[in-house]
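Participant:
There are 2 protein chains.
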Amino acid sequence: MNLPPLVQSFVLHFGEMGSRWGINRTVGQIYALLYVSPEPLNAEQIVEALGISRSNVSMSLRELQAWNLVLLKHLPDDRRDFFMTPDDVWQILRTLAEERKKREVDPTLSVLREILMQQPASEAERHAQARMSEMHGLIEQLTTWYEDVKQLETDRLATLLTLGAKVTRLLEAKDKIVSLGRSKRTTEKG
Amino acid sequence: MNLPPLVQSFVLHFGEMGSRWGINRTVGQIYALLYVSPEPLNAEQIVEALGISRSNVSMSLRELQAWNLVLLKHLPDDRRDFFMTPDDVWQILRTLAEERKKREVDPTLSVLREILMQQPASEAERHAQARMSEMHGLIEQLTTWYEDVKQLETDRLATLLTLGAKVTRLLEAKDKIVSLGRSKRTTEKG
DNA sequence: TCGTGATTTCAGTAATTACTGAAATCACTG
DNA sequence: CAGTGATTTCAGTAATTACTGAAATCACGA
């Protein structure tokens with residue numbers, strides 16, 4: 000691996016984290032490399048920078064494309080493919096969220112729906128369905144929220160984030176005011 | 000594997016998804032089993048239900064404990080350990096978020112900080128640092144927001160979620176109004 | 001059409017990760 | 001402090017996943 004020290008640290012870290020993030024080492028390293036590169040790189044440059052095989056680069060780029068995490072760019076008078084990451088980190092975040100949802104949440108949601116359609120054949124199944132229904136409800140609530148906020152433009156999303164805490168405090172204040180005029184309180188949950 | 004059909008579907012699905020979630024098949028299956036079980040299970044019961052080795056169960060339960068996803072329970076006059084998942088799905092969500100952050104985000108944040116402390120030795124490193132700084136800023140903003148909302152009690156968190164969209168619309172409306180009277184600047188931070 | 005260079009595919013191999021069974025350890029009882 | 005049952009450890013093996021090199025395919029210009 001032949002890279003400036005700071006870049007190398009970053010690339011190696013992404014490689015190590017790769018497995019925790021559900022991608023592999025090479026994919027992580029390539030992404031990191033492209034992310035900090037001042038201009039698009041072709042496959043051969045990646046081979047040289049990371050010291051891995053050409054075919055590995057090809058497969059890993061393909062995976063990054065499946066994740067929509069890299070863009071393919073063509074330079075004039077050059078037949079080779081050049082790759083880059085989107086500049087906007089917020090856009091990257093959106094893509095990441097969308098793809099992870101697609102891979103990690105949606106399948107479960109659909110399995111839960113399917114199971115909940117069935118008639119329970121025993122008390123054990125009835126109880127299991129009740130639990131799955133709780134899980135299903137939670138996931139639905141989360142995805143509804145997500146579908147909503149993902150539409151936001153970048154600056155508005157940023158505002159919402161920095162506001163997050165303040166909205167909370169507003170809710171708390173409202174709550175206190177409301178509770179003053181209340182005679183009874185219902186707090187128990189099952 | 001000897002389970003009611005609906006439970007089995009759920010358990011098998013969690014097993015398959017396990018790898019996408021950064022845990023392995025067995026861990027996923029055990030978690031699913033405990034989640035839908037009406038009462039705590041001991042290791043031997045898990046062995047029977049899933050048809051896997053006793054030692055595998057032991058190691059997988061240990062991992063689930065490292066994730067804080069299962070609770071150990073002792074029954075009177077019984078030396079065996081019984082395991083269960085927390086009832087409250089919101090609490091489970093919190094735990095999951097916390098643990099994933101710890102494993103998947105925090106290490107990167109600290110590596111980024113470390114690299115950003117260094118003096119760039121070339122134009123390439125300077126550019127790389129600028130990119131890393133963007134990433135660092137985004138992650139900080141996200142984690143700040145997260146630290147804030149994770150404190151919320153369950154019902155308040157739920158409110159915030161269902162409100163999510165409305166807060167957005169409110170911001171949009173405010174934005175329009177502000178832009179109408181743009182000659183003077185009305186900032187309402189704080 | 002052929003030739004050239006870029007890219008992809010894929011079978012084989014390496015590396016990693018998951019799982020098992022046997023042995024060790026632990027926690028409690030008599 | 002021996003005996004019993006529960007649990008954990010760990011070395012070996014199985015299963016899975018990652019990577020490579022060689023061959024095939026592709027895209028384009030002459």
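So the protein sequences, as listed, match chains A and B.
If you read the first sequence in numbering that gives the first Met the number 0, its first letter stands for residue 0, the second for the next number, and so on.
If you read the second sequence in numbering that gives the first Met the number 0, its first letter stands for residue 0, the second for the next number, and so on.
Cβ coordinates follow ideal geometry from the N, Cα and C atoms, glycine included.
Apply the 10 Å Cβ neighbour rule to Ala-120 of chain B and answer buried if 16 or more other Cβ atoms are within range, or exposed otherwise.
Facilitator: exposed
Participant: So what's Met-58 of chain B in DSSP terms, helix, strand or just coil?
Facilitator: Here Met-58 of chain B carries a helix assignment [DSSP, helix/strand/coil].
Participant: For the alpha helix (DSSP H) that contains Asp-105 of chain B, what are its first and last residues?
Facilitator: 105 to 116
Participant: Roughly how many whole angstroms lie between the Cα atoms of Glu-187 of chain A and Asp-154 of chain B?
Facilitator: Per-residue confidence for Glu-187 of chain A stands at a pLDDT of 42, beneath the threshold of 50, marking its modelled position as unreliable; the derived number appears in the next sentence. One alpha carbon belongs to Glu-187 of chain A, the other to Asp-154 of chain B, and they sit about 11 Å apart.
Participant: Got a sec? Which residues, its chain only, sit under 8 Å from Val-26 of chain A by beta carbon, not counting five neighbours each side?
Facilitator: Gly-17, Ser-59, Glu-62, Leu-63
Participant: With a threshold of 8 Å, are at least 3 pairs of Cβ atoms found where one atom belongs to the stretch 38 to 54 of chain B and the other to the stretch 108 to 125 of chain B?
Facilitator: no
Participant: Considering only the alpha carbon of each residue, which of B:Leu-74, B:Arg-99, B:Thr-107 lies closest to Ala-31 of chain A?
Facilitator: B:Thr-107
Participant: Whole-angstrom Cβ separation of Met-83 of chain B and Ala-48 of chain B, contact assumed at under 8 Å?
Facilitator: Contact flag wrong, Cβ pair sits at about 14 Å.
Participant: Listing by chain order, which chain B residues have their CB less than 9 Å from the CB of Arg-93 of chain A?
Facilitator: Chain B residues near Arg-93 of chain A: none, gap ~11 Å exceeds 9 Å.
Participant: Excluding the five sequence neighbours on either side, which residues of its own chain have a C-beta within less than 7 Å of the C-beta of Met-134 of chain A, listed in chain order?
Facilitator: Leu-111
Participant: Just checking: is the beta-carbon of Pro-106 of chain B within a distance shorter than 9 Å of some beta-carbon in chain A?
Facilitator: Using a CB distance cut-off of 9 Å, Pro-106 of chain B counts as an interface residue toward chain A.
Participant: May I ask which residues mark the beginning and end of the beta strand (DSSP E) holding Met-83 of chain A?
Facilitator: 80 to 83
Participant: Could you give the DSSP three-state label for Lys-100 of chain A: helix, strand or coil?
Facilitator: helix
Participant: Can you tell me the Cβ-Cβ gap for Val-166 of chain A and Leu-70 of chain B, rounded? I've got them flagged as a contact below 8 Å.
Facilitator: The Cβ separation is near 32 Å, so there is no contact.
Participant: Please state whether DSSP places Lys-72 of chain A in a helix, a strand or coil.
Facilitator: strand
Participant: Over the uninterrupted alpha helix (DSSP H) stretch that includes Ile-45 of chain A, give me the two end residues.
Facilitator: Segment 42 to 49, the alpha helix (DSSP H) holding Ile-45 of chain A.
Participant: Just to check my reading of the structure: Leu-68 of chain A and Thr-94 of chain A have Cβ atoms closer than 8 Å, yes? What is that Cβ distance to the nearest angstrom?
Facilitator: 6 Å
Participant: Assuming Gly-21 of chain B and Arg-24 of chain A form a contact by the criterion Cβ under 8 Å, report the distance between their Cβ atoms to the nearest whole angstrom.
Facilitator: Not really, about 14 Å apart at Cβ, beyond 8 Å.
Participant: Looking at the structure shown, is Glu-187 of chain B part of a helix, part of a strand, or coil, going by DSSP?
Facilitator: At Glu-187 of chain B, the pLDDT of 42 sits below 50, so the modelled position is not reliable; the number obtained from the coordinates is stated separately. In this structure, Glu-187 of chain B counts as coil in the three-state DSSP scheme.
Participant: Please classify Ser-52 of chain B: is it buried, with 16 or more other beta-carbons within 10 angstroms of its beta-carbon, or exposed?
Facilitator: exposed
Participant: Whose Cβ in chain A lies nearer than 9 Å to the Cβ of Pro-3 of chain B?
Facilitator: Near Pro-3 of chain B (Cβ distances below 9 Å), the residues of chain A are Pro-119, Ala-120, Ser-121, Ala-123, Glu-124, Ala-127.
Participant: Sorted by chain position, which residues of the same chain lie with C-beta nearer than 8 Å to Ile-138 of chain B's C-beta, five sequence neighbours on each side aside?
Facilitator: Val-104, Thr-107, Leu-108, Leu-111
Participant: Determine whether the Cβ of Met-58 of chain B lies closer than 9 Å to any Cβ atom of chain A.
Facilitator: no
Participant: Hey, Glu-98 of chain B and Trp-66 of chain B are a contact pair by Cβ (cut 8 Å); roughly how many whole angstroms apart?
Facilitator: 5 Å
Participant: Please classify Gln-117 of chain B: is it buried, with 16 or more other beta-carbons within 10 angstroms of its beta-carbon, or exposed?
Facilitator: exposed
Participant: Where does the unbroken alpha helix (DSSP H) through Ala-129 of chain A begin, and where does it stop?
Facilitator: 122 to 148
Participant: Below 8 Å on C-beta distance, what does Leu-40 of chain A contact in chain B?
Facilitator: Those within 8 Å of Leu-40 of chain A in chain B number zero; the least Cβ separation is about 12 Å.
Participant: Thinking just about the alpha-carbon of each residue, which of B:Glu-113, B:Asp-147, B:Gly-163, B:Ala-172 is nearest to the one in Val-6 of chain A?
Facilitator: B:Glu-113
Participant: Would you mind working out which of B:Asn-55, B:Gly-163, B:Pro-39, B:Asp-86 sits nearest His-73 of chain B, comparing C-alpha positions?
Facilitator: B:Pro-39
Participant: Anything in chain A within Cβ reach of Thr-29 of chain B, meaning under 8 Å, just list it in chain order.
Facilitator: For the record, residue 29 of chain B in the displayed sequence is Ile; it is not Thr. Per Cβ cutoff of 8 Å: no residues; Ile-29 of chain B is ~15 Å from chain A at best.
Participant: What would DSSP say about Met-16 of chain B, mapped onto helix, strand or coil?
Facilitator: helix
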